[in-house]
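In this note's numbering, the protein residues as written are 266 to 705.
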Amino acid sequence: MKSNIQPAKGKLGILIPGLGAVATTLIAGVEAVKKGISQPVGSLTQMGNIRLGKRTENRNPKIKEFVPIADLNDIVFGGWDVYSDNVYEAAMHAKVLEESLLNKVKDGLEVIVPMKAAFDQNYAKNLTATHVKTGTRYELAQQVMQDIKDFKAKNDCDRIVLIWCGSTEIYYETSAIHETVEAFEQALVDDDKLISPSMIYAYAALKMGIPYVNGAPNLTVDTPALVELAKRTNTPIAGKDFKTGQTLMKTILAPGLAARSLGVSGWFSTNILGNRDGLVLDDPDNFKTKEVSKLGVLEDILQPERNPELYGDLYHKIRINYYPPHGDNKESWDNIDIFGWLGYKMQIKINFLCRDSILAAPIALDLALFIDLAKRAEMSGIQEWLSFYLKSPQTAPGLPAENDIFKQLMKLQNTLRHMMGEDLITHLGLDYYQELVDTL
Ligand SMILES: NC(=O)c1ccc[n+]([C@@H]2O[C@H](COP(=O)([O-])OP(=O)(O)OC[C@H]3O[C@@H](n4cnc5c(N)ncnc54)[C@H](O)[C@@H]3O)[C@@H](O)[C@H]2O)c1
């Protein structure tokens with residue numbers, strides 16, 4: 266496959282609908298790394314290694330040296346928001362990074378001014394939008410396409426990717442207009458309210474063959490119409506919802522408990538957060554979208570139907586409460602009721618004082634770089650190998666998601682090896698002992 270990958274030449278434009286806490290932390294972080302002020306901690310593409318060949322070969326290059334991903338110096342950021350604050354102002358408002366750090370990269374942030382958003386108040390009632398496009402949904406999609414073309418020309422970009430870092434939209438399910446590309450396009454013309462704002466950006470991107478990543482739990486490209494459009498235009502897509510904080514911990518811990526055949530009878534998770542994301546999620550309709558995204562992981566990993574003695578009575582509850590004093594510093598508590606040998610009960614308590622956007626920014630960076638790689642490697646449609654980064658991975662219809670983070674990592678690494686024509690690693694390892702026997 267190696268010979269099919271186009272080189273990462275020229276500039277990569279990363280366009281972001283939603284220049285809020287995650288996006289501004291990403292952009293400021295990349296600027297700080299480029300200036301040598303900080304390290305890109307948490308980013309596999311920048312700091313991770315990958316083993317190649319046998320353990321005895323001792324080949325462990327950095328991922329960024331192994332696969333041809335874009336260099337940070339070749340990235341240009343842009344985006345849209347319902348507020349007109351430039352990225353420096355938005356980052357100050359988000360209060361994730363301290364002022365002294367932001368001032369060191371101010372020049373690079375001030376120049377990024379959001380384009381007007383494609384927005385519908387019904388999808389995020391707690392926002393008071395002041396910087397929005399007007400027109401029917403069809404017209405909005407045309408305007409977004411024009412924005413992309415203008416950005417690409419102005420910044421002399423070779424390639425573009427879109428990554429949604431906008432607010433979580435209200436909960437909605439697919440309906441007839443999401444079933445086929447034709448029905449979807451007719452619904453755009455009809456300005457059908459069942460098309461959410463995120464779908465307008467995604468449609469515009471896919472129509473132009475531009476990769477789309479969904480960092481929120483919104484349905485967006487997880488619909489038959491947009492999956493079909495991605496295939497028709499040979500475009501890779503990935504989603505949904507950045508896997509940070511509590512769900513990250515869940516997908517690290519639950520596989521370990523399942524691996525040891527320990528029972529779980531209850532998992533109560535509660536969070537407080539005070540950023541704008543928390544404000545939007547304070548509306549029950551928006552919370553429902555997040556809840557569905559977060560709930561799936563435990564059942565997928567523990568598989569109660571296959572292990573009823575261990576997980577058949579599992580009670581899983583998730584709460585998110587808006588609490589302004591904590592800002593972006595989300596605090597989460599987990600109470601996990603487990604049982605062991607002969608059914609004896611035990612408890613695990615987790616109190617994670619995390620920083621939401623600090624965990625999300627490197628994920629957004631990796632997803633943008635890898636989806637650009639996928640496009641250059643002529644991979645199109647759903648990129649399940651990127652599920653490592655996602656809370657509610659999009660898969661082919663009828664295919665159960667894999668939520669175990671260790672299996673997700675193996676899938677990601679093997680995909681990279683496959684792309685580069687290296688042997689896949691199964692971790693079987695019998696060959697080391699076979700060789701020893703042969704030489705006796
Ligand atoms: N922070 C995390 O760790 C994390 C983890 C997983 C998922 N997410 C998701 O990522 C998204 C961004 O999170 P955040 O903390 O940056 O939130 P945020 O509220 O700080 O930023 C979201 C931004 O999107 C803008 N927006 C809303 N609708 C828009 C539209 N139609 N077009 C353009 N802009 C629009 C808002 O004005 C806001 O500035 C949310 O959906 C959140 O649920 C965040």
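C-beta: ideal position from N, C-alpha, C; glycine also.
Query: Close beta carbons around asparagine 391, own chain, < 7 angstroms, minus the five adjacent residues each side; Result: Leu544, Val545, Asp547, Asp548
Query: Cα-Cα separation between glycine 694 and arginine 541, rounded to whole angstroms; Result: 49 angstroms
Query: beta-carbon phenylalanine 507 near ligand 1 non-hydrogen atom, thresh 7 angstroms; Result: yes
Query: Contact belief for arginine 641 with glutamine 271 at Cβ below 8 angstroms, rounded distance in angstroms; Result: 4 angstroms
Query: C-beta contact flag for leucine 579 and proline 569 at 8 angstroms; Result: yes
Query: Rounded distance between the beta-carbons of threonine 488 and lysine 472, thought under 8 angstroms; Result: At roughly 15 angstroms, the Cβ-Cβ gap does not stay under 8 angstroms, so lysine 472 and threonine 488 are not in contact.
Query: C-beta contact flag for alanine 441 and leucine 655 at 8 angstroms; Result: no
Query: Among Ile601, Phe617, Thr500, Leu618, the one whose alpha carbon lies nearest that of methionine 611; Result: Ile601
Query: Check: serine 597 C-beta below 7 angstroms from any heavy atom of ligand 1; Result: no
Query: With 16 other Cβ atoms within 10 Å as the buried cut-off, status of glycine 344; Result: buried
Query: Counterpart residues of lysine 582 in DSSP-defined beta bridges; Result: Phe533
Query: Length-filtered (4 minimum) alpha helix (DSSP H) runs lying within the stretch 514–570; Result: 541–546, 549–567
Query: Three-way DSSP call (helix, strand, coil) for arginine 320 in this model; Result: helix
Query: Check whether lysine 371 and tyrosine 348 have beta carbons under 8 angstroms apart; Result: no
Query: Helix, strand or coil at valine 287 according to DSSP, with G and I counted as helix; Result: helix
Query: Contained alpha helix (DSSP H) runs [length at least 4] in the stretch 411–454, N- to C-terminal order; Result: 446–454
Query: Environment of serine 622 [buried if 16+ CB atoms lie within 10 Å]; Result: buried
Query: Cβ contact (3+ pairs, closer than 8 angstroms) linking the stretch 582–589 and the stretch 422–430; Result: no
Query: Of the listed residues Leu362, Ile465, Arg316, nearest to leucine 624 (C-alpha basis); Result: Leu362
Query: Exposed unless 16 or more other CB atoms sit within 10 angstroms - verdict on alanine 661; Result: exposed
Query: Pairwise C-alpha distance: lysine 299 and asparagine 338; Result: 7 angstroms
Query: Near ligand 1: tyrosine 436 beta-carbon under 7 angstroms from a heavy atom; Result: no
Query: Lysine 419 versus Gly400, Glu322, Gly278, residue with shortest Cα-Cα distance; Result: Gly278
Query: Cutoff 7 angstroms; reference aspartate 565; Cβ partners in own chain excluding five residues on either side; Result: Pro665, Ala666, Asn668
Query: Backbone secondary structure at aspartate 346 - three-state DSSP; Result: strand
Query: Backbone CA spacing between methionine 514 and alanine 639 [nearest angstrom]; Result: 28 angstroms
Query: Spatially closest choice to aspartate 456 from Thr433, Asp385, Arg424, by CA coordinates; Result: Asp385
Query: Where the alpha helix (DSSP H) through proline 462 begins and ends; Result: 462–472
Query: Length of the line joining the Cα atoms of methionine 410 and isoleucine 537; Result: 38 angstroms
Query: The beta strand (DSSP E) enclosing valine 478, as first and last residue numbers; Result: 477–479
Query: Beta carbon of serine 526 nearer than 8 angstroms to that of phenylalanine 604; Result: no
Query: Nearest-angstrom beta carbon gap, leucine 374 and alanine 293 [assumed within contact, 8 angstroms]; Result: 6 angstroms
Query: CA nearest to the CA of valine 306, picked from Gly539, Lys595, Ile628, Glu447; Result: Ile628
Query: Residues sharing a beta bridge with aspartate 456, DSSP; Result: In the DSSP output, where bridge partners are listed per residue, aspartate 456 has none listed.
Query: C-beta contact flag for tyrosine 388 and isoleucine 435 at 8 angstroms; Result: yes
Query: Uninterrupted alpha helix (DSSP H) stretches inside the stretch 371–407 (no shorter than 4 residues); Result: 371–375
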